[in-house]
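Just below is one structure, and these are the notes that go with it.
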Amino acid sequence: MATIEISGVSKVFKDAKRKADVTALDDINIKVEKNQFLCLLGPSGCGKSTLLNMIAGFEKPSSGTVTVDGQLITAPGSERGVVFQQANLMPWLPVWENVGFHLLLRGGQKAVRRETAQRYIDMVGLTGFENHYPSELSGGMNQRVGIARALLMNPQVILMDEPFGALDEQTRMDMQNELVRIWQEHQGTIVFVTHGIDEALTLGTHVAVMSARPGLIREIIPLDLPRPRDITSPQFNEIKRHVLDLLRSERTKPSLETLDHP
Amino acid sequence: MPQALAMFRRLDRYIVPVLILAGWEAFSRSGALPAALLPAPSTVAWAWADWVFGTDGNTQTYSGHWLFDMLASLSRVLAGFAIATALAVSVGVAIGWSRTVEVIIEPTLQTLRPIPPVSWIPLAIIWFGIANKPAIFLVFLGAFFPILLNTIHGVKTCDRNLIRAGAMVGGGNRQLLRFIVLPAALPSIFAGLRIGIGSAWMLTVTAEMVAVKSGLGYVLWDSYYFLRYDLVLAAMASIGLLGFLSDFGIRLVMARVLHWQRNTTIQSGEI
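As given, the protein sequences belong to chains A and B, one line each in that order.
At position 157 of the first sequence the residue is numbered 157 (the UniProt record's numbering), and the sequence of numbers has no breaks.
At position 149 of the second sequence the residue is numbered 149 (the UniProt record's numbering), and the sequence of numbers has no breaks.
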């Protein structure tokens with residue numbers, strides 16, 4: 001049984017004001033096996049975040065089903081850790097309380113929470129910043145806190161929604177390396193949404209290339225490039241060319257719809 | 001020069017009060033108005049000193065009675081304000097969080113809100129008699145609505161993404177309320193408390209003029225009948241001072257509770 005199974009999922013947004021329904025996702029079928037690292041790659045508006053939010057349980061499909069370990073998803077839950085585009089930390093809590101937020105809600109003893117949080121703070125390289133507040137940290141550091149918060153729940157699945165989108169190139173590359181290291185050390189199934197081709201090809205074991213309006217999966221490409229991946233190698237560029245073709249063929253398709261709704 | 005600047009920084013807060021007092025003193029002594037109608041600050045201070053310490057008995061029955069009058073007013077303010085805070089915060093959170101509660105009770109509350117608390121005085125007196133209770137009731141009415149509205153605002157403007165993050169780590173409705181919505185609303189709630197404490201002082205003094213026979217407001221009104229305008233002004237100054245101190249107290253608590261907000265806001269010139 002696959003860890004994540006998305007079968008026949010469609011999402012239609014009702015636009016009551018314009019009396020026109022928008023199909024964000026159309027008949028999506030994906031299986032993600034245990035310990036796979038799937039990147040959802042596509043242009044903005046292709047519904048990749050919507051798809052991720054459905055696995056997280058924040059949104060419900062209009063038709064079709066999403067299951068994780070055979071369980072139908074109807075609501076958010078701590079067995080699925082989410083790392084958001086913005087870190088979404090509680091500004092009134094110091095770093096260690098944010099990392100241990102899951103334990104705070106469960107009502108554990110402070111010393112125990114502190115100790116557990118420390119392990120994950122060390123893991124994401126924030127040792128020494130335990131008592132800082134989110135407003136005192138950089139965007140990259142806040143994003144690390146968000147990752148540690150999701151890891152601490154020891155979830156079966158980690159869902160990441162363009163978590164490095166707001167970071168500068170240098171920090172983004174560091175974070176990508178770090179994420180791959182953590183994933184290799186601790187294993188786990190990851191679904192990672194991005195619009196960066198290099199990012200998707202650097203991170204994933206698989207890339208699902210999506211197209212927009214309506215959101216469709218064009219192709220799911222397995223990646224067996226050796227790690228650490230060299231984004232200048234011929235094999236890398238060969239796959240990149242293929243992905244670019246997939247994305248380009250979509251763009252050349254002229255569509256009145258896209259003109260009507262810029 | 002830097003020394004002079006440092007000196008200015010330390011004294012800057014006293015400049016305006018000192019100028020006002022000096023101008024007032026000069027005006028009173030100039031004889032433009034009869035001295036009895038606008039007593040000079042020095043005269044007021046003299047009366048105030050006797051009221052507080054019983055120095056020379058010039059305030060007669062009130063000589064040395066200030067602490068008692070002040071505590072009478074303060075206890076009413078604190079009682080009414082505490083009840084208002086407890087009720088307004090819990091009702092406000094319920095209205096802000098639940099659409100059902102909002103629909104059921106908000107229209108009623110919004111209808112009651114424009115009625116000036118003072119207009120409840122006749123009913124307050126026939127319900128509670130002439131004593132502490134009508135004053136506390138009025139204080140409660142005055143403080144309740146600012147705290148309520150600010151609490152509702154704070155709960156409603158809580159970032160949806162933070163609630164999602166809380167749901168993601170496994171929080172149920174109750175926990176989201178306790179660990180996310182409430183802390184997120186605290187800055188707004190404190191803004192409401194600061195407005196509320198001001199209304200509380202206004203209403204306690206109003207009530208004491210009409211419905212109670214003790215407290216700073218009663219002294220103020222009584223002195224007016226005896227043409228002791230110096231004492232009237234001393235009472236006004238006392239109320240202002242206590243209002244300032246109670247607001248200062250709330251700000252101290254706020255600085256502790258909301259210490260995470262430091263450095264997240266800027267002032268002019270800091271950009």
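Backbone N, C-alpha and C fix where the C-beta goes; we use that ideal spot for every residue, glycine too.
task: Please name the residue, chosen from A:VAL12, A:PHE37, A:ASN98, A:GLU199, that lies closest to A:THR171 on a Cα-to-Cα basis.
output: Here residue 171 of chain A refers to the residue found at position 171 when the first sequence is read from its first residue. Comparing alpha-carbon positions, the option among A:VAL12, A:PHE37, A:ASN98, A:GLU199 lying closest to A:THR171 turns out to be A:GLU199.
- request: Closer than 7 Å by beta-carbon distance: list the chain B residues that pair up with A:HIS102, in chain order.
  value: For the purposes of this step, residue 102 of chain A is taken as residue 102 along the first sequence, with counting starting at 1. Contact annotation for A:HIS102 against chain B: VAL169, GLY170 [CB-CB distance below 7 Å, chain order].
- prompt: With DSSP run on the structure shown, which of helix, strand or coil describes B:SER63?
  reply: The residue given as residue 63 of chain B occupies position 63 in the second sequence. It is coil, neither helix nor strand.
- prompt: Can you name the residues of chain A whose CB is closer than 8 Å to the CB of B:ILE180?
  reply: For the purposes of this step, residue 180 of chain B is taken as the residue at position 180 of the second sequence. The contacting residues are MET90.
message: Our contact map puts B:VAL139 next to B:PHE81 with C-beta atoms below 8 Å; I'd like the distance itself, whole angstroms only.
response: Locating residue 139 of chain B in the second sequence gives position 139, counting from the first residue. Locating residue 81 of chain B in the second sequence gives position 81, counting from the first residue. That belief holds up - the Cβ atoms of B:VAL139 and B:PHE81 are roughly 6 Å apart, short of 8 Å.
message: I'd like to check one pair, B:LEU177 with B:TRP97: are the Cβ atoms closer than 9 Å?
response: Along the second sequence, one-based indexing puts residue 97 of chain B at 97. Along the second sequence, one-based indexing puts residue 177 of chain B at 177. Taking the C-beta atoms as reference points, B:LEU177 is found nearer than 9 Å to B:TRP97.
message: Threshold first: 4 residues or longer. Then list the alpha helix (DSSP H) segments lying entirely within the region 12–87 of chain A, N to C.
response: Here the runs fully enclosed are 48–56.
query: If the cut is a Cβ gap below 9 Å, which residues of chain B does A:LEU201 touch?
result: Position 201 of the first sequence holds residue 201 of chain A. Within chain B, no residue comes near A:LEU201; the closest Cβ sits about 28 Å away, beyond 9 Å.
query: Using a beta-carbon distance below 9 Å, is B:TRP51 in contact with chain A?
result: On the second sequence, residue 51 of chain B is found 51 positions in, with the first residue counted as 1. So, not an interface residue.
message: Could you check whether B:ILE147 and B:GLY196 sit closer than 9 Å to each other, using their CB atoms as the reference points?
response: As a first step, residue 196 of chain B is located in the second sequence; it is residue number 196 there, counting from the start. As a first step, residue 147 of chain B is located in the second sequence; it is residue number 147 there, counting from the start. Between B:GLY196 and B:ILE147, the C-beta gap is smaller than 9 Å, which places the two residues in contact.
query: Just the Cα atoms here: how many angstroms apart are A:PRO262 and A:CYS46?
result: Locating residue 262 of chain A in the first sequence gives position 262, counting from the first residue. Locating residue 46 of chain A in the first sequence gives position 46, counting from the first residue. The predicted model places A:PRO262 with a pLDDT of 42, which falls under 50 and marks its position as unreliable; any figure quoted below should be read in that light. When rounded, the separation of the alpha-carbon atoms in A:PRO262 and A:CYS46 is 14 Å.
- request: Grab the span of the beta strand (DSSP E) containing A:GLU219 for me, first residue to last.
  value: As a working mapping, residue 219 of chain A is identified with position 219 in the first sequence. 216–222 is the extent of the beta strand (DSSP E) around A:GLU219.
message: Based on DSSP bridge pairs, tell me the residues matched to A:THR194.
response: Taking the first residue of the first sequence as 1, we reach residue 194 of chain A at position 194. Under DSSP, the beta-bridge partners assigned to A:THR194 are A:LEU41.
query: Name the DSSP beta bridge partners of A:THR189, please?
result: Sequence index remark: in the first sequence, residue 189 of chain A carries index 189 (1-based). Per DSSP, A:VAL157.
- prompt: In or out: A:ASN154 buried (at least 16 other Cβ within 10 Å) or exposed?
  reply: In the first sequence, residue 154 of chain A corresponds to position 154, counting from 1. By the 10 Å Cβ count, A:ASN154 comes out exposed.
- prompt: From A:GLU257 to A:SER211, what distance separates their C-alpha atoms?
  reply: Mapped onto the first sequence, residue 257 of chain A falls at position 257. Mapped onto the first sequence, residue 211 of chain A falls at position 211. Note that A:GLU257 scores 49 on pLDDT, short of 50, meaning its location in the model is unreliable and no value can be drawn from it.
- prompt: Tell me which same chain residues have a C-beta within less than 6 Å of the C-beta of B:ILE105, skipping the five on either side of it?
  reply: Here residue 105 of chain B is taken as the residue at index 105 of the second sequence, counted from 1. Taken in chain order, the list of residues that qualify is empty.
query: Would you report the Cα separation of B:ALA165 and B:LEU78, rounded to the nearest angstrom?
result: Position 165 of the second sequence, counting from 1, holds the residue named residue 165 of chain B. Position 78 of the second sequence, counting from 1, holds the residue named residue 78 of chain B. The alpha-carbon atoms of B:ALA165 and B:LEU78 are separated by roughly 38 Å.
field: Per-residue DSSP class, three states only, for A:GLU5
entry: On the first sequence, residue 5 of chain A is found 5 positions in, with the first residue counted as 1. Here DSSP, grouped into helix, strand and coil, assigns A:GLU5 to strand.
- prompt: Nearest-angstrom Cα distance between B:ARG76 and B:ALA94?
  reply: The sequence position of residue 76 of chain B within the second sequence is 76, counting from 1. The sequence position of residue 94 of chain B within the second sequence is 94, counting from 1. One alpha carbon belongs to B:ARG76, the other to B:ALA94, and they sit about 27 Å apart.
- prompt: From which residue to which residue does the beta strand (DSSP E) around A:ALA208 run?
  reply: Position 208 of the first sequence holds residue 208 of chain A. DSSP places A:ALA208 inside the beta strand (DSSP E), whose first and last residues are 206–211.
query: Are B:ILE125 and B:ALA211 close, meaning C-beta to C-beta below 9 Å?
result: Counting from one through the second sequence, the residue named residue 125 of chain B turns up at place 125. Counting from one through the second sequence, the residue named residue 211 of chain B turns up at place 211. By the CB criterion at 9 Å, B:ILE125 and B:ALA211 fall inside the cutoff.
query: Thinking C-alpha only, which one of B:VAL232, B:ALA40, B:PHE226 is nearest B:GLY217?
result: Counting from 1 along the second sequence, the entry for residue 217 of chain B is found at position 217. The shortest C-alpha separation from B:GLY217 is found at B:VAL232.
field: C-beta neighbour in chain B for A:PRO228, strict 9 Å
entry: The sequence position of residue 228 of chain A within the first sequence is 228, counting from 1. No - not a single Cβ of chain B is within 9 Å of the one on A:PRO228.
- request: Please decide whether B:GLY166 counts as near chain A, where near means a Cβ-Cβ distance under 9 Å.
  value: As a working mapping, residue 166 of chain B is identified with position 166 in the second sequence. For B:GLY166, at least one C-beta of chain A is nearer than 9 Å to its own C-beta.
task: Confirm, please, whether the CB-CB distance from B:GLY154 to B:LEU123 is below 9 Å.
output: The sequence position of residue 123 of chain B within the second sequence is 123, counting from 1. The sequence position of residue 154 of chain B within the second sequence is 154, counting from 1. Not a contact, by the Cβ cut-off of 9 Å.
task: Step through the CB atoms of chain B and report whether any lies within less than 9 Å of the CB of A:MET153.
output: Position 153 of the first sequence, counting from 1, holds the residue named residue 153 of chain A. So, interface residue.
- prompt: Using a Cβ cut-off of 8 Å, which residues of the region 59–86 of chain A contact any Cβ in chain B, in chain order?
  reply: The region 59–86 of chain A vs chain B, Cβ under 8 Å: ALA75, PRO76, GLY77, SER78, ARG80, GLY81, VAL82, PHE84, GLN86.
field: Exposure of A:LYS17, with buried meaning 16 or more beta-carbon neighbours within 10 Å
entry: As a first step, residue 17 of chain A must be located in the first sequence, where it is residue number 17. A:LYS17 is classed as exposed because its beta carbon has fewer than 16 other beta carbons within 10 Å across all chains shown.
field: Cross-strand partners of A:SER10 (DSSP beta bridge)
entry: As a first step, residue 10 of chain A must be located in the first sequence, where it is residue number 10. In DSSP, A:SER10 forms a bridge with A:SER63.
message: Is B:ASP159 close to chain A? Criterion is C-beta to C-beta, closer than 9 Å.
response: On the second sequence, position 159 is the one that residue 159 of chain B refers to. B:ASP159 counts as touching chain A.
query: Residues in its own chain within less than 7 Å of A:THR116 by CB, not counting five upstream and five downstream?
result: Position 116 of the first sequence, counted from the start, is the residue given in the question as residue 116 of chain A. Here the set comprises GLY100, LEU103, LEU152.
query: Is it the case that the Cβ atoms of A:SER135 and A:PRO163 are separated by a distance below 9 Å?
result: The residue given as residue 135 of chain A occupies position 135 in the first sequence. The residue given as residue 163 of chain A occupies position 163 in the first sequence. Result no, Cβ atoms of A:SER135 and A:PRO163 do not sit closer than 9 Å.
query: Considering only residues of the same chain and omitting the five flanking positions on each side of A:GLN109, which have a CB-CB separation below 7 Å?
result: Residue 109 of chain A sits at position 109 when you count from the first residue of the first sequence. Cβ neighbours of A:GLN109 beyond the five flanking positions: none.
- prompt: Thinking just about the alpha-carbon of each residue, which of B:VAL16, B:LEU203, B:ARG160 is nearest to the one in B:PHE137?
  reply: Against the second sequence, residue 137 of chain B aligns to sequence position 137. That would be B:LEU203, whose Cα lies nearest to the Cα of B:PHE137.
field: Closer than 7 Å at the beta carbon, the chain A residues around B:LEU252
entry: On the second sequence, residue 252 of chain B is found 252 positions in, with the first residue counted as 1. Per Cβ cutoff of 7 Å: no residues; B:LEU252 is ~18 Å from chain A at best.
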